[in-house]
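Here is the structure we will look at, set down as structure tokens.
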Amino acid sequence: MSSNPQNFVLRSTLTSPFGRKVRMAIDVLGLNDRITLVPADTLDENDTLRQQNPLGKMPCLVLADGSTIYDSGVIIEFLADVAGTDRLLPASGPARFKALTLARLADGITEAAILVVYEGRFRDPGAHSERWLAHQRGKITRALAAFEKSPPDPGKTDIITIGLACALGYLDWRKPGEWRQDHPRLAAWLAAFAKNEPAFERTRAPAV
Ligand SMILES: N[C@@H](CCC(=O)N[C@@H](CS)C(=O)NCC(=O)O)C(=O)O
1140 MSSNPQNFVL RSTLTSPFGR KVRMAIDVLG LNDRITLVPA DTLDENDTLR QQNPLGKMPC
1200 LVLADGSTIY DSGVIIEFLA DVAGTDRLLP ASGPARFKAL TLARLADGIT EAAILVVYEG
1260 RFRDPGAHSE RWLAHQRGKI TRALAAFEKS PPDPGKTDII TIGLACALGY LDWRKPGEWR
1320 QDHPRLAAWL AAFAKNEPAF ERTRAPAV
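Position in the sequence shown counted from 1, then plus 1139, gives you my numbering.
And the structure:
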């Protein structure tokens, strides 16, 4: 490790599920001392987030030279590289691409859940599109079914389990739809994972 390690700024709220993925990775990789969390407001057009990430999305990692890295999966790969480990993602080969694909599947649950939540947040109640909501809920249901059929190892913390735990944590928190009843293996998986990986509880959004 370099004698003068670089520090970083993470733009994210404590409530962002994608931000939680990165905060979990930071914790697991032992990088807490090198990262300062600076909250972002995605709705504020004057927030520098929009210069740091033209998409205006968090999380966004700001390096010492002002350059930025996004999105959450890329940030996690970068931080694992900084920490000099491939424990979160195999370095190469079929296992790497299998892991990246499953990690994207988990992220897709969060993405669809966010769109369901945003429908309620951005549109007036009378303007909600049930068709659109059902379309997003279908993605969540199918992805949950895939993980229910074949849950990852709850004893392992990696890019898949971090993403899946944050997705399920977000479903529990924002409740875009009930998931526990129809996915008992996944509910048991989350409990086992949370027991094994304390970073999950440590990164839980604070109660409001
Ligand atoms: N694919 C992105 C998704 C990030 C994302 O959707 N973040 C949400 C907050 S959890 C956001 O910034 N939403 C504001 C917006 O979409 O304008 C990632 O993995 O980082």
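Positions of the beta carbon are idealized from the N, C-alpha and C atoms, including for glycine.
- The continuous stretches of alpha helix (DSSP H) do not include Val1177, which lies in the beta strand (DSSP E) extending over residues Ile1174 to Val1177.
- Closer than 7 Å to some heavy atom of ligand 1: that does not describe the Cβ of Pro1264.
- A distance below 8 Å between beta-carbons, with the five flanking residues on each side excluded, links Ile1215 to the following residues of its chain, in chain order: Lys1160, Val1161, Ala1164, Leu1227, Leu1228, Ile1298 and Ile1301.
- For ligand 1, no non-hydrogen atom lies closer than 7 Å to the CB of Pro1293.
- Its chain contains Val1255 and Glu1258 as the residues whose beta carbon lies nearer than 7 Å to that of Leu1272, once the 5 sequence neighbours on both sides are disregarded; these appear in chain order.
- Under the criterion of beta carbons closer than 8 Å, Thr1296 and Glu1250 do not qualify as touching, at roughly 22 Å.
- Short of 7 Å from the beta carbon of Glu1287, and not among the five residues preceding or following it, lie these beta carbons of its own chain, in chain order: His1322, Arg1324 and Leu1325.
- Distances from the CA of Gly1212 to each of Pro1193, Gly1247, Gly1308 and Gly1205 were compared; the closest alpha carbon is that of Gly1247.
- For Arg1262, no alpha helix (DSSP H) run applies, since DSSP gives it neither H nor E.
- Contact check for Phe1157 against Asp1220 fails: the beta carbons are separated by 8 Å or more.
- Cβ-Cβ separation between Leu1244 and Ala1284: approximately 11 Å, too far for a contact (criterion under 8 Å).
- For Arg1150, the pairing in a beta bridge is given by DSSP as Val1177 and Cys1199.
- Cβ neighbours of Ile1279 within its own chain (closer than 7 Å, five residues either side excluded): Ile1248, Ala1251, Ala1252 and Gly1316.
- For Thr1207, the pairing in a beta bridge is given by DSSP as Val1201.
- By the beta-carbon neighbour count (other beta carbons within 10 angstroms, threshold 16), Asn1171 is exposed.
- DSSP places Thr1342 outside any alpha helix (DSSP H), giving it a letter other than H or E.
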